[in-house]
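Sequential numbering of the sequence shown, starting at 156, is according to this note's numbering.
For each residue, glycine too, the CB sits at the ideal point set by N, CA and C.
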Amino acid sequence: MTGTWSWAALALLGAYHGVDPAMGWLFATALGLQRRRAIAVLSALPPIALGHGLAVALVAGLLGGARAVLDARTLRVPAATLLILLGVTRLLRGRLGARLAGRPRLRRMLAGHPGWTGMRVGAGDLVAWSFLTSTAHGAPLMLVPLLLGALGSHVGPGAGADLGLAVAATATVVHTAAMLAAAGTVALAAYRLGLGLLRRAWLNTDAVWAGALVAAGVLTLLT
156 MTGTWSWAAL ALLGAYHGVD PAMGWLFATA LGLQRRRAIA VLSALPPIAL GHGLAVALVA
216 GLLGGARAVL DARTLRVPAA TLLILLGVTR LLRGRLGARL AGRPRLRRML AGHPGWTGMR
276 VGAGDLVAWS FLTSTAHGAP LMLVPLLLGA LGSHVGPGAG ADLGLAVAAT ATVVHTAAML
336 AAAGTVALAA YRLGLGLLRR AWLNTDAVWA GALVAAGVLT LLT
């Protein structure tokens, strides 16, 4: 994948992460509905985006530093293996969970009673929650093939770690900005329309997310 397409894809994947409810917009909307203020939705989004960006920056920084001393081919196989294993694990876990218990917490949330937002949360809580959630879902790892493409046009063995980290930082900003824009749009729309509409039009994104992780792993091997 060329550097230009990698940068565009980083932004598109940021938008995809933004519209996925697991990445935080649903949390922001629930807080807004609980407090009955649109400003509560808007104020929750930057900390959520920051936590997501920190998770991405961690992976991007490690990859940028490694790319400065290692050939891309050396990084592809372990990265692809991890992505595929994570995707398959999430798919199997999702099917097992659906068979055993369903999702009572999600049902309460979509019914307009998000019990997990009953407590007061600060910006630091949202940053930590978003960082841990993004990491647990493998969101930063999904960017590996795109990061390798972006780094490949600028960084290689002998180029120096500083350049690799600079490219990684830029990639993080591009991705996170797109994520914030998409999440903000969906969160505000959901706040205006109400979660009742989402309950009728809800799509389970778990299988899509797991498939995206596997696809990212395959793409990492092929690029």
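DSSP, reduced to helix, strand and coil, places residue 224 outside both helices and strands of the structure shown, so it counts as coil. The DSSP-derived three-state label of residue 202 is helix. Cβ-Cβ separation between residue 245 and residue 365: approximately 4 angstroms, consistent with a contact (criterion under 8 angstroms). Shown here, residue 276 sits in coil according to DSSP, grouped into three states, outside any helix or strand. Counting every other CB atom within 10 Å of its CB across the protein chains shown gives residue 194 a total below 16, marking it as exposed. Counted as a single uninterrupted DSSP element, the alpha helix (DSSP H) harbouring residue 190 occupies residues 180-190. Scanning its chain for C-beta atoms nearer than 7 angstroms, with the 5 sequence neighbours on each side dropped, one finds around residue 161 the residues 301, 304, 305, in chain order.
Taking a cut-off of 8 angstroms on C-beta distances, the region 205-218 does not touch the region 235-243, as fewer than three cross pairs fall below it. Between the region 169-178 and the region 330-343 there are three or more inter-stretch CB-CB distances shorter than 8 angstroms, so the stretches are counted as touching. Sequence-distant partners of residue 282 (beyond 5 residues in either direction) whose C-beta falls short of 6 angstroms from its own C-beta, in its chain, are 202, 205, 206. Here residue 344 is exposed, its C-beta having fewer than 16 other C-beta atoms within 10 Å. Contact annotation: residue 330 and residue 374 have beta-carbon atoms that are not nearer than 9 angstroms. The three-state secondary structure of residue 349, taken from DSSP, is coil. Sequence-distant Cβ neighbours of residue 369 in its own chain, meaning closer than 6 angstroms and more than five residues away, are 239, 242. DSSP places residue 293 outside both helix and strand once states are collapsed to three, so it counts as coil.
With contacts defined as CB atoms closer than 9 angstroms, residue 216 and residue 324 qualify as a contacting pair. Taking 8 angstroms as the upper bound for CB-CB distance, residue 333 and residue 179 are not in contact here, some 14 angstroms apart. For a cut-off of 8 angstroms, the C-beta gap from residue 326 to residue 200 is around 21 angstroms, too long to register as a contact. In this structure, residue 295 sits away from residue 376, with a CB-CB distance that is not shorter than 9 angstroms. Nearest Cα to residue 289 within the set 336, 278, 211, 183: 211.
Residue 362 counts as exposed, since fewer than 16 other C-beta atoms from the protein chains shown sit within 10 angstroms of its C-beta.
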